[in-house]
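Since the structure comes first, as structure tokens, the remarks are kept for the end.
In our numbering, the protein residues as written are 4 to 812.
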């Protein structure tokens, strides 16, 4: 730990010194010559009416301003250069264009009313901000408003409802992990405000440790993305943006409240953000959330599915003509019960203290309480980072440095409920430096280096994985060329990971032997986006990805309450490598939008776990102090994954306010060689078709704006393509859920007073099991014959958001 702190301190000092020197040099340049421009203009609609409060955002320098009551905006002191500018207004399609600001520039922009947005800007998987339609890989953007209009128990579940091809692997309403095209865990990199999120994503019961109330926008890249993010981004990237810069000259904020009736969830949150004219800007947020056990019609209340969170964080920074420097801090604190699902054999009621002399049925009072009973876990994630963008000559240098500490404690002994049986303490330093050369002849080129230093400590009696030190380092080159209708991008990256795993003994028995491993590989990507016409865009991409095995896969040897599995690692595992092909096209007109993406992903040395078979037949059982547990072991094999996503949005004229939207996603995973007679890859999400009929009305009377109402049909098909080897996986029935939502902004003299969002999920109260829910593998209810625990039943949601804003000099 001392080495980590020393390294962090040294790196901060180096960055501060370098930034101060560059800033002084650039300030001297400012005195010698004019190195800034004025960007101004008007934003109106097609009727010629001024749009008051339109946002003008320059992504690469994080500059944000608002239009006034006349639709006029003025952004002085913009560093000279070419920038992708995005202009947006709620209920209108965004405008985005690359503008040469090597001199003062004025523009008049006309926005069209539209719910579908096809001119958005992404910062994921690219060296600098890029128009979404010009990226060769499939990227989906989900904004704050869409998240508010989606009822869910966590942010990943909400994301799975908005992005075809994304599903959620769940262990409880509080824990969900993203799965992209059938791949999850350490095959997905989660980025939060420029920092790679490093918790304990290798486990089923580990969430992403990010406060969902702080999220402003999420960008999801589907497909191999190791080029920009290093090892682990084989399936894609989930880029979560929390601390966005508010408009210059304003202090703004929100106070929000959410209630879910199914589990009595109450969620109170708020934030305050400011951006002074002298360049000082900030955003601070906090939230408190608590819920009791959820219920469904088969299980009643699911004992020990309760949780609570208390989170806070934010950033403070300075934006000047030389660039910007932001300091970000976040603290995530969550307690949640771990559902065992043990029941009384006769009544079928859930048990408390199961397997002990004090075993008994749970009382109604305990089912409706919020106190935590063993087993439960306590997760704390602290993160601090520095995000810097500095003008260097004709180019720009981005430097991002982060430190995070993830502590996860599991409590399983009811006689000592405050003493952790498992305690993982993971510390990580991450760094990322990129230099963006000046655009020349429509070529944009960047070089960079990124990596991390990681250390894990075990601070409790029970140990599942060994203590270890890990170091990653990678170097990459990325370039993009824009022709008249074609955008070409390509790049390559080289990564090295070194791992030092330490020995550990329990008494006289050696549980872990020490070992050192080194993994290295080359990643590469190339693709094109061809805008055949204003309506039709064709995309193609080929990428080679890479993932080194995790310590859990290499060296696990133990059981924990989260999954009730005894896991054995294999320190001879090799790195995974993938070759993925993506082909997609988009067709967008004023009243019809259609897009589809097809993919083929071939993975060598794919790592998976399966049950161990006993030499005597049946499952292998390990006897532990807490009782017998089924044994699982990590293995490898070559695989192919293929499938597609499609999305259709029809909004016929003259009913432009009416939208009929449909999406479908399908992924199939197959081993190239059968495993115990079975070629199906384990835990592939079921095919899913989502349909939504929605009405969006810009204005209702004088006090309501942005009114919407919608009805959704969420169809999940039966999943029979399962990995039956060693009885690892079971089939899951299909189901259809009907959801309803309605909401609006309340305004006074064009100023928003409040926003209200109401919804009912699962109106028919269908009892169902998601194929990726680990709760379906809990104990059988002998009184009904049903296996496992079912998902959340009917759920009413109410959200209220009250904004405030005032102008500052």
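The beta carbon of each residue, even a glycine, is placed where N, CA and C say it ideally should be. In this text, all values refer to a predicted model and were calculated from it rather than measured experimentally.
Tell me residue i's beta-bridge partners as DSSP assigns them.
i           : result
residue 483 : 447 and 492
residue 756 : DSSP output for residue 756 lists no bridge partner at all.
residue 455 : 433 and 475
residue 818 : Missing from the structure shown is residue 818; the chain here goes from 4 to 812 and no further.
residue 285 : 277 and 319
residue 669 : 647
residue 439 : 399 and 449
residue 113 : 47
residue 75  : 45
residue 290 : 272 and 314
So, is residue i buried or exposed, given that buried needs 16 or more other C-beta atoms within 10 angstroms?
i           : result
residue 562 : buried
residue 264 : exposed
residue 756 : exposed
residue 280 : exposed
residue 800 : buried
residue 774 : buried
residue 796 : buried
residue 36  : Note that residue 36 has pLDDT 36, beneath the 50 cutoff, so the model's placement of it is unreliable and the number below is only indicative. Residue 36 comes out exposed.
residue 583 : buried
residue 706 : exposed
residue 462 : exposed
residue 655 : exposed
residue 446 : exposed
residue 34  : Residue confidence for residue 34 is low, a pLDDT of 41 falling below 50, so the modelled location carries little weight and cannot support an answer.
residue 358 : exposed
residue 793 : buried
residue 430 : buried
From the DSSP output, in three-state form, read off residue i for me.
i           : result
residue 137 : helix
residue 554 : helix
residue 345 : coil
residue 43  : strand
residue 318 : strand
residue 730 : helix
residue 216 : helix
residue 656 : coil
residue 29  : Residue placement at residue 29 is poorly supported in this model, since its pLDDT is 43, which falls under 50; the coordinates still yield a value, given next. Note: residue 29 maps to helix in three-state DSSP.
residue 230 : helix
residue 183 : strand
residue 209 : coil
residue 190 : helix
residue 64  : helix
residue 640 : strand
residue 543 : strand
residue 470 : coil
residue 104 : coil
residue 262 : strand
residue 411 : strand
residue 352 : coil
The alpha helix (DSSP H) spanning residue i covers which residue range?
i           : result
residue 766 : No alpha helix (DSSP H) holds residue 766; DSSP gives it neither H nor E.
residue 160 : 158 to 165
residue 369 : 367 to 370
residue 711 : It is not in any alpha helix (DSSP H) - residue 711 instead sits in the beta strand (DSSP E) that spans 707 to 719.
residue 151 : 147 to 151
residue 751 : Careful: residue 751 lies outside any alpha helix (DSSP H), inside the beta strand (DSSP E) at 738 to 751.
residue 694 : Where residue 694 is concerned, there is no enclosing alpha helix (DSSP H), although the beta strand (DSSP E) it sits in stretches over 691 to 703.
Along the chain, where does the beta strand (DSSP E) containing residue i start, and where does it finish?
i           : result
residue 520 : 518 to 534
residue 578 : Where residue 578 is concerned, there is no enclosing beta strand (DSSP E), given that its DSSP letter is neither H nor E.
residue 172 : 169 to 175
residue 800 : 798 to 810
residue 570 : 568 to 571
residue 85  : 85 to 91
residue 604 : 595 to 614
residue 330 : 326 to 340
residue 424 : No beta strand (DSSP E) holds residue 424; DSSP gives it neither H nor E.
residue 681 : 681 to 683
How close, in whole Å, do the beta carbons of residue i and residue j come, if the pair is a contact with beta carbons under 8 angstroms?
i           : j           : result
residue 242 : residue 191 : That pair is no contact at about 11 angstroms.
residue 74  : residue 104 : That pair is no contact at about 20 angstroms.
residue 321 : residue 277 : Between residue 277 and residue 321 the Cβ distance is about 12 angstroms, and since that is not below 8 angstroms, they are no contact.
residue 610 : residue 556 : 5 angstroms
Is residue i a contact residue of the ligand FMN, with contact defined as CB to any heavy atom under 6 angstroms?
i           : result
residue 296 : Inclusion of the ligand FMN in the displayed structure is not the case, the ligand content being empty and no account of it being possible.
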